[in-house]
Structures are given as C-alpha cells and as structure tokens.
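Asker:
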Amino acid sequence: MTATPEPIDHIERWRRIVVARREQHDAICAAQGRTTGDYWGRRAEGFRKFVQEAARNTDPFLECLRQRLRAQDDVLDVGAGTGRHTSALAPQVRHITALDPSEAMLAFLHEDIAAQGLNNVDVIAGAWPDAAERAPQVDVAISAHVVYPIEDIVPFLRALDGHARRYCFLNLMAGQPWFDQLDLWEAVHGEARMPQPTYIEVVNVLHQLGCLANVEIVFVETPRVFEGLDEAAERFSETVAAGEDPERVARLRAALQERLQPLDGGRLAFPRGRYPIGTVWWEAGALQNRG
Numbered sequence: 557m558t559a560t561p562e563p564i565d566h567i568e569r570w571r572r573i574v575v576a577r578r579e580q581h582d583a584i585c586a587a588q589g590r591t592t593g594d595y596w597g598r599r600a601e602g603f604r605k606f607v608q609e610a611a612r613n614t615d616p617f618l619e620c621l622r623q624r625l626r627a628q629d630d631v632l633d634v635g636a637g638t639g640r641h642t643s644a645l646a647p648q649v650r651h652i653t654a655l656d657p658s659e660a661m662l663a664f665l666h667e668d669i670a671a672q673g674l675n676n677v678d679v680i681a682g683a684w685p686d687a688a689e690r691a692p693q694v695d696v697a698i699s700a701h702v703v704y705p706i707e708d709i710v711p712f713l714r715a716l717d718g719h720a721r722r723y724c725f726l727n728l729m730a731g732q733p734w735f736d737q738l739d740l741w742e743a744v745h746g747e748a749r750m751p752q753p754t755y756i757e758v759v760n761v762l763h764q765l766g767c768l769a770n771v772e773i774v775f776v777e778t779p780r781v782f783e784g785l786d787e788a789a790e791r792f793s794e795t796v797a798a799g800e801d802p803e804r805v806a807r808l809r810a811a812l813q814e815r816l817q818p819l820d821g822g823r824l825a826f827p828r829g830r831y832p833i834g835t836v837w838w839e840a841g842a843l844q845n846r847g
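Note that the numbering used here has the sequence shown beginning at 557, numbered continuously upward.
(1) Note the first and the last residue of the continuous beta strand (DSSP E) segment covering I773.
(2) Nearest-angstrom Cα distance between G799 and P733?
(3) Applying the criterion that 16 or more other CB atoms from any shown protein chain within 10 Å of the CB defines a buried residue, is Q608 buried or exposed?
(4) Roughly how many angstroms lie between the CA atoms of H641 and I584, to the nearest whole one?
(5) List the whole-angstrom C-beta distance separating T653 from A691, where the pair is believed to meet the contact cut-off of C-beta under 8 Å.
(6) Quick one, are the C-beta atoms of P832 and A700 less than 8 Å apart?
(7) Excluding the five sequence neighbours on either side, which residues of its own chain have a C-beta within less than 7 Å of the C-beta of N727, listed in chain order?
(8) Using 10 angstroms around the beta-carbon of I773, count the other beta-carbons present and answer buried if the total reaches 16, otherwise exposed.
(9) What span of residues does the beta strand (DSSP E) with E850 cover, start to end?
(10) Could you spell out the range, first to last residue, of the alpha helix (DSSP H) harbouring L807?
(11) Rounded to the nearest angstrom, what separates A587 and T795 at their Cα positions?
(12) Check for me: the beta strand (DSSP E) holding T653 runs from which residue to which?
(13) Whole angstroms is fine: what's the gap from E787's alpha carbon to D820's?
(14) Are the region 660–670 and the region 628–647 touching by the rule of at least three beta carbon pairs closer than 8 Å?
(15) What does DSSP give as the partner residue(s) for P818 in the beta ladder?
(16) For V575, count the other beta carbons within 10 Å of its own beta carbon; 16 or more makes it buried, fewer makes it exposed. Which is it?
(17) Does DSSP classify Q608 as helix, strand or coil?
(18) Use the C-beta contact count for L768: other C-beta atoms within 10 angstroms, 16 or more gives buried, fewer gives exposed.
Here it is, written out as structure tokens:
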C-alpha cells in the first residue's frame, strides 16, 4: 500500500514567507528609527522612472492581456501604482479603474492620465481588499507584482475574483527579485535576504482553494541603466533599507560600484540577463463558495 503524503497547507506557507521577509525588513528599519509605513511613498519617484524605462520594452503581461481583452471590456487594475498597465490598456478598453493605496504613486498616475487625455479612467485611493466595496464590477481584474507582501492572501484573491465577470490575471516574478539575486541586501546588512513568494506559491494557494489556474512563463530582459552611482544608490536605498546610515549607504555604494558595468557618458548598468516572469490567470468565479 502506498502511503498518502501529508498535505501541505499552502495558504499557511504563503503567510510564513511573507511574515519572515517583512519582519526582517521591519527590524532593520526599526534599528534606524524608521518605519516601513510609507515605503511606496518614498519609492514613488524612482518607481516611476523604472516604469518609464520598462515602457520602452515589450511587456509580456500586456501582451497576454491584449490577447484576451475586448474593446467593450471594463478593467480593474489593483495596485496600479504609477499606472504602467492602466495607461497602456486605457485606449484599448471601454473603461479602467485604477486602485492603489499610495497617494504619491497615484499623483504620478493622475499626471499621466491628464497628459495623455484619457477620459475613461477612474482612480481609487485605497488598499485591496479593504477598498473592494468602492470598486466596480468589471469584466477583467488584474494585479501586477502586488501580492508579495500580502499576508492574508485568500481575501485578496477572493475579492479580485468576486469583482470580475470573465477573467482574473496576476503577474509575479518566477524567481527571487533580480536585485535580491545581486546580493545587495547581504552586502549592506551582512545577512541573507529572506525570500518573497513567487508565482508558484500563488498557483498552489489557488489550487488549495479549488482553482486550477493557467500559467504562462516568459523570460524578459532586465536592462537597468543609471546616470551614475549617485542615482543608482538613491534608487536602491529604500529597497535594501539602507536608510541614511553612512556605513550602510557606503556599503551599498561599494556593492553597486562592484556590480554595475560602465557605459558611455558615465552611465552605469547592471549586467543584462533574461529573467522569468509568471502570469497566472483563471476564469472569474472559480473562488466563490469554495475552500
């Protein structure tokens, strides 16, 4: 007789991964007399630059969405940030609602909406799923690179599923963040960075909830170019919790100097490489009254 393997609680496993990474980051910040409460507010400007850089390259997530979106669709973008996907999709659908908790991020989104003359975009300031009651029912709900710090993942997924009539899409890294793989955290703090969840963890959570999700893995280039060491250090200071501590900042700059490659005009770049990104999607309603 074959023994039945003990089932894995993937929901609890997700929670443990998220908590361990957050507690590590919080502890480093607390030692500096800082909090992570306005993490995305402090990163908003640098994140917008990243989004503008990324927009010049092919986005496999957008390509996956465009294959399934219709001109008459209403879309909900949860964790829209500065609007990378909202701005790109708005001209191709009937209406899109962008939701994000960071006022600083949304300020940039409002600027871009006005600059592009988009009149079919609504913006909601709030965190998901707390703000779900203020969001409309839509045909397609999307969320890109948002779920990593969500400890209680099930309400997030159920609310996303419950707001969509046709499809739900998630976009996640298929490995650890490329900046983690560069060992910047280790260089600054002298300890290994705790991992964050990847696409396979959310696939397993969905499976535990009775949803057999579709997965598409695409390898993308990771070009990151900086005008100089000062800009690179500024962009990564918050990511690796260097703060304003001179010693930590010096270690970050040294690590960046070692890892960056010189370009013309004094610019610097990380080594190019192909990085796996996972799109996870399912037909709406798969999570209702299950699990």
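Note that CB positions come from ideal geometry on N, CA and C, so glycine has one too.
This structure is a prediction, so every number in the text was calculated from the model and none was measured.
Answerer: In this structure, then:
(1) N770 to E777
(2) 20 Å
(3) Model confidence at Q608 stands at a pLDDT of 49, short of 50, so the residue's coordinates are unreliable; what they give is reported in the following sentence. The residue is exposed, with fewer than 16 neighbouring Cβ atoms inside 10 Å.
(4) 32 Å
(5) 6 Å
(6) no
(7) F617, A700, H701, I833 and T835
(8) exposed
(9) This structure leaves residue 850 out entirely; the chain is present only between 557 and 847.
(10) For clarity, residue 807 is Arg in the given sequence; the question names Leu instead. R807 -> alpha helix (DSSP H) spans P802 to R815.
(11) 16 Å
(12) H651 to D656
(13) 16 Å
(14) yes
(15) L824
(16) exposed
(17) Residue confidence is low: Q608 scores 49 on pLDDT, short of 50, so the model does not pin down where it sits. No coordinate-derived value is stated.
(18) exposed
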